[in-house]
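With the sequence shown counted from 1, adding 7 to any position gets you our numbering. All residues carry an ideal CB built from backbone N, CA and C; glycine is no exception. Keep in mind that this is a model prediction, so the values were computed, not measured. To start, the structure under review is shown below, and the notes come after it.
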Amino acid sequence: MNTEISIHDNLVLSYTIDCVKKTIVLHTVFYGNEPHEHSGIIFSEVFAYHFEGDNFQTILFDIDQVSPEEVHSAYRDLFERRKNYAWPFSYSTEQELLGKLNDKSIRGFLVSSSYGMEGFVLAEEMRITLLLKD
Numbered sequence: 008m009n010t011e012i013s014i015h016d017n018l019v020l021s022y023t024i025d026c027v028k029k030t031i032v033l034h035t036v037f038y039g040n041e042p043h044e045h046s047g048i049i050f051s052e053v054f055a056y057h058f059e060g061d062n063f064q065t066i067l068f069d070i071d072q073v074s075p076e077e078v079h080s081a082y083r084d085l086f087e088r089r090k091n092y093a094w095p096f097s098y099s100t101e102q103e104l105l106g107k108l109n110d111k112s113i114r115g116f117l118v119s120s121s122y123g124m125e126g127f128v129l130a131e132e133m134r135i136t137l138l139l140k141d
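Here it is as structure tokens:
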């Protein structure tokens, strides 16, 4: 993770999900400075994700890297509800799910906001890039 570029208080302008490339990109802007900073938060080799509460005005608080176990614990009900629909894949036990995530070097990323969308991404990598200043 790139800790040099802050995403705290960034407004989410849009996000794209590429199912073939298994990537998610959050396009954000920070209006607190002049020039305004546009950043891309890029998740690579995405295994699963869940966003909720998008009110089209999301202000990010932080994205914390955590273990897959922490994501599973925080969203246990969601995993249990979606299990019979092969989400995030077909598995029989919680141990099988967590074992596969750990075998693939999957990391958890908890997305928190001051306002709007929250959720998680299970992916191999997250990086933040400064796209431009206007």
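Contact check, residue i vs residue j, beta carbons under 7 Å
i	j	result
Thr30	Ser51	yes
Arg134	Ile49	yes
Phe54	Leu129	yes
Leu117	Asp71	yes
Which residues DSSP lists as bridging residue i, in chain order
i	result
Gln72	Phe116
Lys140	Glu44
Ser21	His34
Met133	Phe50
Alpha-carbon to alpha-carbon, residue j and residue i
i	j	result
Thr10	Lys107	With a pLDDT of only 48 at Thr10, under 50, the local geometry of the prediction cannot be trusted, and the value read off the model is given with reservation. Rounded to the nearest angstrom, the two C-alpha atoms are 28 Å apart.
Val19	Cys26	20 Å
Gly123	Asn62	5 Å
Ser21	Asp110	32 Å
Gly115	Asn40	30 Å
Pro95	Gly60	20 Å
Lys140	Phe37	10 Å
Contact belief for residue i with residue j at Cβ below 8 Å, rounded distance in angstroms
i	j	result
Gly126	His34	Their Cβ separation, rounded to whole angstroms, is 16 Å, which puts Gly126 and His34 out of contact at 8 Å.
With three or more C-beta pairs closer than 8 Å as the rule, is the stretch 37–52 touching the stretch 93–101? Verdict: no, contact absent.
Three CB pairs or more closer than 8 Å across the stretch 83–90 and the stretch 61–74: The stretch 61–74 and the stretch 83–90 do not touch, with fewer than three beta-carbon pairs separated by less than 8 Å.
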